[in-house]
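Protein chains in written order, with this note's numbering: chain A, -11 to 161; chain B, 30 to 447.
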C-alpha cells in the first residue's frame, strides 16, 4: 500500500492541518489511482472482436470498450471514456492487469476485484489478493463509498460484457 | 461576518431546522447546499407530522368517527393552505399527488385520453424546452410515442436562457400543449414566460408550468402566470417527501378524464360503469398521502410566516455574493447565467477538468453537501458539451459563511487534484 503521506506530493501539505478530516479521503484517492487517472494506460480505441458502451446513469460516467482475443488470451483491451478519476483510473488498471492474460486468469482477476469492491470497506486485502490484483488493491478504499463503487466497476463490467459478446456467450446479466 | 443587505435572520431561522445543527464525518459542521434536490424540514413540519400520527390518524372522507373527521379536516385544511399559497381562485383546483413528476404525468395522460379540443394525437404537437428536468421531458416523450404527436422544443442560448427567437415557428396552430419550467433546476435560470403564454393562448394550446424550483423560492401566483396547469412538489419547500401538487383550472379539471381509478374518485359504481367525483377527488384515487399533505400545510404556514418575497430577496442577495465568490476561483466556469439577475440560488459549474464526482467527494469530506451529475437535466449538459456539473443550491437558511466554505472548499479541491 502506498504510504499515507503519499498525498502530500499533491501539494496540499499546508492545507492538511486545516482539513484534518481529509486524511480519510486518502484511502480513496490513493496515489496510484491519481497516477493512473493522470496517465492512463492503454487508452484509445483499437481493433477488437467486440465493442460495448456502458454508462453509469446516476452520474454520467461513460466508457466505450473493445476486447480482442487471440486463442484463449486477452490480446487487447482498448477504451475511450469520460468520467471521474475513479472510473478512469480503474479502466487504466484493468488494461494493465488483463492484457496478455489467459481468459480464465483474467476472469479470476475480475471476480476478485468485484469481491473487493463489494466488500463495503470490510475486506483488508491479504497477500494472496494483492498478488492477484496488483495496483487494483488501491481501490479497496473506494469500497467504503457506496456512491463510487459503480464508478470503479464501470470498465470491469464493460469488459465482462464485451468478453461474453466476443466469445459468443450470453452476457451474464 | 459578511454583512449583506437583504438577508434574512438566518441565525433565528436555522434554529428551526434541527438537522442543520448536526455534524458529519469527524465533527465537521454540515454545510447543506443541495436544496434544489430537497430542502431540510423545520421543527414546525416535523411536529405537524408527529402530531397527526399521534392524535388524529384515520382515513379521510369516509367513516363518521371523530378521528376520521379530524383527519379529513386536516387534509382538506392543507388544501386550503396550498390554494391560498399559490393564489388559486378555488380550493378545488388543488390536486394532491405524490410529487411533481406524478403531477406532470397526470396532465400528459389526461391529454392523451381527452376528447376534443384537448386531445393530443397524430398530427398535433407538444412543445417543451431543452431546459426541462427529465420529469417534464419523459412524460411528453411517452405521450408523443403513444399518440403519434410530434414533440418539439425551445433550445437554449449560450448564456443559459431560453432561445425564444422563433416562438411562432415552435408553437403553431397544431400545438396542443406547451410545458416548461419556470426556474431551471440545473442553472437556476428564471424563464420569461409572457411570450410563450401569449403565443400558446393565440393558438389555443394549453400551458403547463413546472414550478418545482419556483414554489419554494418566490411568491407563486397561478392566476398571474395565466397557466392552465402548475405542478410542484412539497419536499423542496420544507415539506415532507411523498406529497406533490397539481393546480389546474377548474373548467379543465371538470372536462378532462380521470387517469387512475379507484376508491375516493368515484360518485357511483356498478359492475358495468362508474361516474366520477368532482375535482379534485376525481384525480385522487385511493388513500392519499394524508400526513404528508398535513406536513405540506405546515410548511406553507412556515414559509408564509417568513414571507415568500423575503425568501426571494434573501436568496437573491446570497446569489450575488456566491456568484462573486465563485468567479474568484481560477478555472471555474458557471453553466448558465453568470450574474445574479433573473436567476435563482441554484448555481452549476465546472472546475477545470476535474470531474464533478471528484469535486463533490472532496467537498463532502469537508462537510459540504452539493449535488454532482447531470441533475436529471442531461440535455442541458449535452447542450453545453459537458458530462456533468457540480451544483450548489441555497435556501432561506443558507448563509454567506456557507458560501465562503464552498469557495474555500473548491480552492482546496483544485489543490488536491492540481
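We put the CB at the ideal spot given by N, CA and C, even for glycine. Note that the structure is a prediction, hence the values are computed from the model and not measured.
6 Å Cβ shell around residue i - same chain, five flanking residues per side excluded
i                     : result
residue 408 (chain B) : 159
residue 89 (chain B)  : 100, 101, 104, 319
residue 307 (chain B) : none
residue 109 (chain A) : 131, 132
residue 109 (chain B) : 120
residue 89 (chain A)  : 62
residue 438 (chain B) : 392, 395, 397
Test: residue i CB closer than 8 Å to a CB of chain B
i                     : result
residue 60 (chain A)  : no
residue 18 (chain A)  : no
residue 155 (chain A) : no
Cβ pair residue i, residue j closer than 8 Å
i                     : j                     : result
residue 146 (chain A) : residue 81 (chain A)  : no
residue 143 (chain A) : residue 66 (chain A)  : no
residue 421 (chain B) : residue 435 (chain B) : yes
residue 249 (chain B) : residue 240 (chain B) : yes
residue 341 (chain B) : residue 65 (chain B)  : no
residue 316 (chain B) : residue 378 (chain B) : no
residue 164 (chain B) : residue 185 (chain B) : no
residue 452 (chain B) : residue 234 (chain B) : Here chain B covers residues 30 to 447 and nothing more, so residue 452 (chain B) does not appear.
residue 37 (chain A)  : residue 154 (chain A) : yes
residue 58 (chain A)  : residue 32 (chain A)  : no
residue 264 (chain B) : residue 374 (chain B) : no
residue 84 (chain A)  : residue 29 (chain A)  : yes
residue 70 (chain B)  : residue 273 (chain B) : no
residue 271 (chain B) : residue 321 (chain B) : yes
residue 114 (chain B) : residue 333 (chain B) : yes
residue 362 (chain B) : residue 122 (chain B) : no
residue 68 (chain B)  : residue 294 (chain B) : no
residue 225 (chain B) : residue 196 (chain B) : yes
residue 87 (chain A)  : residue 62 (chain A)  : yes
residue 400 (chain B) : residue 63 (chain B)  : yes
residue 72 (chain B)  : residue 45 (chain B)  : yes
residue 446 (chain B) : residue 344 (chain B) : no
residue 432 (chain B) : residue 358 (chain B) : no
residue 60 (chain A)  : residue 22 (chain A)  : no
residue 385 (chain B) : residue 396 (chain B) : no
Residues sharing a beta bridge with residue i, DSSP
i                     : result
residue 123 (chain B) : B:276
residue 41 (chain A)  : A:52
residue 31 (chain A)  : A:67
residue 202 (chain B) : According to DSSP, residue 202 (chain B) bridges with nothing at all.
residue 58 (chain B)  : B:52
residue 44 (chain B)  : DSSP lists no partner for residue 44 (chain B).
residue 168 (chain A) : Shown here, chain A extends from -11 to 161; a query on residue 168 (chain A) therefore has no answer.
residue 335 (chain B) : Residue 335 (chain B) is not bridged to any residue.
residue 165 (chain A) : Lying outside -11 to 161, the shown extent of chain A, residue 165 (chain A) is not represented and no answer is given.
residue 154 (chain B) : B:179, B:204
residue 228 (chain B) : According to DSSP, which records beta bridges pairwise, residue 228 (chain B) is partnered with nothing at all.
residue 25 (chain A)  : None; residue 25 (chain A) has no bridge partner.
Contact with chain A by residue i, beta-carbon distance below 8 Å
i                     : result
residue 410 (chain B) : yes
residue 416 (chain B) : yes
residue 439 (chain B) : no
residue 403 (chain B) : yes
residue 433 (chain B) : no
residue 387 (chain B) : yes
residue 162 (chain B) : no
residue 384 (chain B) : yes
Cβ neighbours of residue i in the same chain (closer than 7 Å, five flanking residues each side left out)
i                     : result
residue 442 (chain B) : 380, 383, 388, 391, 392
residue 149 (chain B) : 140, 141, 155, 172, 176, 178, 205, 206
residue 191 (chain B) : 158, 160, 183, 185, 220
residue 268 (chain B) : 74, 324, 325, 328
residue -7 (chain A)  : A caution first: residue -7 (chain A) carries a pLDDT of 34, below 50, which makes its placement in the model too unreliable to give a value.
residue 9 (chain A)   : Because residue 9 (chain A) sits at a pLDDT of 42, beneath the cut-off of 50, its placement in the model cannot be relied upon, and the point is left open.
residue 52 (chain A)  : 33, 39, 41, 67, 68, 69
residue 49 (chain B)  : 43, 59, 61, 69, 426
Other residues of its chain near residue i: CB distance less than 8 Å, five sequence neighbours each side excluded
i                     : result
residue 137 (chain A) : 105, 106, 130, 131
Going along the chain, which residues of the stretch 72 to 97 of chain A sit with their C-beta nearer than 9 Å to a C-beta in chain B?
72, 73, 74, 75, 76
May I ask you to list, following chain order, the residues of the stretch 259 to 282 of chain B that have a beta carbon less than 8 Å from some beta carbon of chain A?
none
Taking a cut of 7 Å between CB atoms, which residues from the stretch 92 to 126 of chain A lie near chain B?
none
Name, going along the chain, the residues of the stretch 139 to 151 of chain A whose beta-carbon falls closer than 9 Å to a beta-carbon of chain B.
139
So if I threshold CB-CB distances at 8 Å, which residues from the stretch 35 to 54 of chain A count as touching chain B?
46, 47, 48, 49, 50
Of all the residues that make up the stretch 76 to 94 of chain B, which are near chain A by a beta-carbon distance shorter than 9 Å?
none
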